[in-house]
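*Asks:* So for the sequence shown, the numbering used here puts the first residue at 27; every next one is plus one.
Glycine included, C-beta positions come from ideal geometry on N, C-alpha and C.
Here it is, the structure in full.
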Amino acid sequence: MAEIKKYFLESFLPSIQSTTTNVDISDLYDESAKWTPVPLTYSNKFESVMNLSAVIIKNLCKLFRATKKVPRLAFDVIAHIVNDSTDQPDILLRQILLCHVTKRQADAGYFVYIVTSIEDLKLKRVPLQDELEWVALAHKVIKHAQINHKINECLTDLGQSITEVTEFEKKDQIKITLVESGLKILRGFVGLEELFIHTDHFRQKINDFKGSLEQLQLVSKMDIISIAIHEYAHLKIRQSNGDFNMHSPVVGHLHGLPVIPHEFGTFTERKIFGKQIDWFASYRAMDYEFVERFVHSVENGGPLPPSYIESSGVVPRLGDPYVDGADIEVNNYIC
Ligand SMILES: [Zn+2]
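What follows is the structure, encoded as structure tokens:
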């Protein structure tokens, strides 16, 4: 894979014209056709991190295979991030998110908006007290036996093996990491043995919340539980599949399921809650008894309440069904 990056940096980048609004990637695309895709395995995390940049380039070629023209604003950001060292934690974060985003079928404007926002993504180095509590709660989600069982049911629905993940569940090394960026619509995303929670997204929702303090505490816990379930599901299907670069809608499709609802994080939230619910927007109408019992069961490791019975005013989240591995809301995106 190293030769892909070498070609990109040493041959392709110097050859492109700097004045056009789109970068013609025809030569890069032709070259990429010669390269064998390499999975980003969990068994060799070091090698997978080294290969992230090459996978991003390969994904980009595939994504723009029809036009072979990549908007320059996005291309420049990608080139910059790919060229930087993953020894810097913030660069590693950006490469991981780009790996997800370069798999998405997107219109040019949306792609530029998302990619250019990734340039300021970084670790949250001084978390607030409640953000540290989110991390503790997310850890409880990934250790919860029944939640693991529910996700495993989803793996089976998509034809994936659950034997590969049983040992993985016992590991204590799955990290929950807080990040910050200007991309407020990003809830979180998944890395190698790591879940990322985007603090600015939740901070904005907390700041805008109009209900009572008690309601806020409950919905914010529920929203953190939901993102932890969502991203942990992504992590488990990648572990099962053996490839961090997998695309779960495609995997679902290969097993006879329609493509769109089977972004695996969304699929799992629907399995557990009936639909992807925007808990912050649902505080007026949600079933408080269910929510309180659900939060309590996660906090204490007890049995989950029976499946959520949707009350009339609950508000679904408009998650992006195409960005696999990252959770991006599209309802408040303006371009
Ligand atoms: Zn997702």
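1. Within the stretch 136–172, note down every full alpha helix (DSSP H) run reaching 4 residues or more, in order along the chain.
2. Between glutamate 318 and the rest of its own chain, which residues show a CB-CB distance below 8 Å, the 5 nearest in sequence each way excluded?
3. What's the gap between the Cα of methionine 312 and the Cα of phenylalanine 293?
4. For a test of your reading of the model: does the CB of phenylalanine 222 fall under 8 Å from any non-hydrogen atom of ligand 2? Yes or no.
5. From what residue to what residue does the beta strand (DSSP E) around asparagine 48 run?
6. Taking DSSP as the reference, what is the three-state secondary structure of glycine 217?
7. For lysine 88 and leucine 35, what's the separation of their Cα atoms in angstroms?
8. Taking C-alpha atoms, which residue in Leu78, Glu206, Met248 lies nearest to isoleucine 303?
9. Should threonine 292 be counted as a contact of ligand 1 given a C-beta to heavy atom distance under 8 Å?
10. Does DSSP put aspartate 353 in a helix, a strand or coil?
11. Which partner residues does threonine 203 have in the DSSP bridge list?
12. In angstroms with no decimal places, state the Cα-to-Cα distance between proline 153 and valine 205.
13. Does DSSP classify proline 40 as helix, strand or coil?
14. Per DSSP, what kind of secondary structure is glutamate 212 in: helix, strand or coil?
15. Measure the Cβ-Cβ separation of glycine 327 and alanine 171 and say whether it is below 9 Å.
16. Please state if the CB of aspartate 226 and the CB of serine 207 are separated by a distance shorter than 9 Å.
17. Can you list, in chain order, the residues of its chain whose CB lies under 6 Å from that of isoleucine 177, leaving out five sequence neighbours each side?
18. Give the straight-line distance between the Cα atoms of leucine 212 and serine 143, rounded to the nearest whole angstrom.
19. Once DSSP output is grouped into helix, strand and coil, what is the label at isoleucine 30?
20. Nearer than 8 Å: is that true of the beta carbon of histidine 273 relative to any heavy atom of ligand 1?
21. Does the Cβ of valine 276 have 16 or more other Cβ atoms within 10 Å, making it buried, or fewer, making it exposed?
22. Whose C-beta lies closer than 7 Å to the C-beta of isoleucine 253 among residues of the same chain, with five residues either side of it excluded?
23. For the alpha helix (DSSP H) that lysine 60 lies in, which residues bound it at each end?
24. Comparing alpha-carbon positions, which option in Leu280, Ile82, Gln43 lies nearest asparagine 271?
25. Mind checking whether valine 75 and leucine 218 have CB atoms under 9 Å apart?
*Replies:* Put simply:
1. Runs found: 155–169.
2. Reading the sequence shown from its first residue, position 292 is the one you call residue 318. Closer than 8 Å at the Cβ level, and outside the excluded window around glutamate 318, lie Leu244.
3. Residue numbering aside, residue 312 sits at position 286 when the sequence shown is read from its first letter. Residue numbering aside, residue 293 sits at position 267 when the sequence shown is read from its first letter. About 21 Å.
4. The model on display carries ligand 1 but not ligand 2.
5. Sequence index remark: in the sequence shown, residue 48 carries index 22 (1-based). Counting along the chain, the beta strand (DSSP E) containing asparagine 48 begins and ends at 48–50.
6. Your numbering for residue 217 matches position 191 in the sequence shown. Residue state, collapsed to three classes: strand.
7. As a position in the sequence shown, residue 88 is number 62, starting the count at 1. As a position in the sequence shown, residue 35 is number 9, starting the count at 1. Spanning the two alpha carbons is a distance of roughly 18 Å.
8. The count along the sequence shown starts at 1 and reaches residue 303 at position 277. Taking only the C-alpha atoms, the option nearest isoleucine 303 is Met248.
9. Here the question's residue 292 lines up with position 266 in the sequence shown. Checking every heavy atom of ligand 1 against the Cβ of threonine 292, one is found closer than 8 Å.
10. As a position in the sequence shown, residue 353 is number 327, starting the count at 1. Here aspartate 353 sits in strand by DSSP.
11. Locating residue 203 in the sequence shown gives position 177, counting from the first residue. Within the DSSP secondary-structure output, threonine 203 pairs in a beta bridge with Phe222.
12. For the purposes of this step, residue 153 is identified with residue 127 of the sequence shown, where counting begins at 1. For the purposes of this step, residue 205 is identified with residue 179 of the sequence shown, where counting begins at 1. In this structure, the straight-line span from the alpha carbon of proline 153 to that of valine 205 is close to 9 Å.
13. Taking the sequence shown and counting its residues from 1, the one referred to as residue 40 is at position 14. It is helical.
14. Along the sequence shown, one-based indexing puts residue 212 at 186. In the sequence on display, residue 212 carries leucine and not glutamate. It is a strand residue.
15. On the sequence shown, residue 327 is found 301 positions in, with the first residue counted as 1. On the sequence shown, residue 171 is found 145 positions in, with the first residue counted as 1. Yes. Within cutoff.
16. The sequence position of residue 207 within the sequence shown is 181, counting from 1. The sequence position of residue 226 within the sequence shown is 200, counting from 1. The answer is yes: Cβ separation under 9 Å.
17. Here residue 177 refers to the residue found at position 151 of the sequence shown. Taking isoleucine 177 as the centre and dropping the five residues before and after it, the same chain places the C-beta of Ala259, Lys262, Thr294 closer than 6 Å to its C-beta, in chain order.
18. Residue 212 sits at position 186 when you count from the first residue of the sequence shown. Residue 143 sits at position 117 when you count from the first residue of the sequence shown. One Cα belongs to leucine 212, the other to serine 143, and the distance between them is close to 10 Å.
19. The residue given as residue 30 occupies position 4 in the sequence shown. In the three-state scheme derived from DSSP, where H, G and I count as helix and E and B as strand, isoleucine 30 is classed as helix.
20. Walking along the sequence shown from the start, residue 273 turns up at place 247. Using a cutoff of 8 Å, the CB of histidine 273 does not count as near ligand 1, since none of the ligand's heavy atoms is closer than that.
21. For this step, residue 276 is matched to residue 250 along the sequence shown. Counting Cβ neighbours within 10 Å, valine 276 comes out exposed, since fewer than 16 surround it.
22. Against the sequence shown, residue 253 aligns to sequence position 227. When the five nearest sequence neighbours on each side are left out, the beta carbons in the same chain lying within less than 7 Å of the beta carbon of isoleucine 253 are those of Arg213, Gly214, Ile223, Asp353, in order along the chain.
23. The residue you call residue 60 lines up with position 34 of the sequence shown. Secondary structure note for lysine 60: it is in no alpha helix (DSSP H), with a DSSP letter that is neither H nor E.
24. Numbered from 1 along the sequence shown, position 245 holds the residue referred to as residue 271. In terms of Cα proximity to asparagine 271, the closest of Leu280, Ile82, Gln43 is Ile82.
25. Mapped onto the sequence shown, residue 75 falls at position 49. Mapped onto the sequence shown, residue 218 falls at position 192. Yes. Within cutoff.
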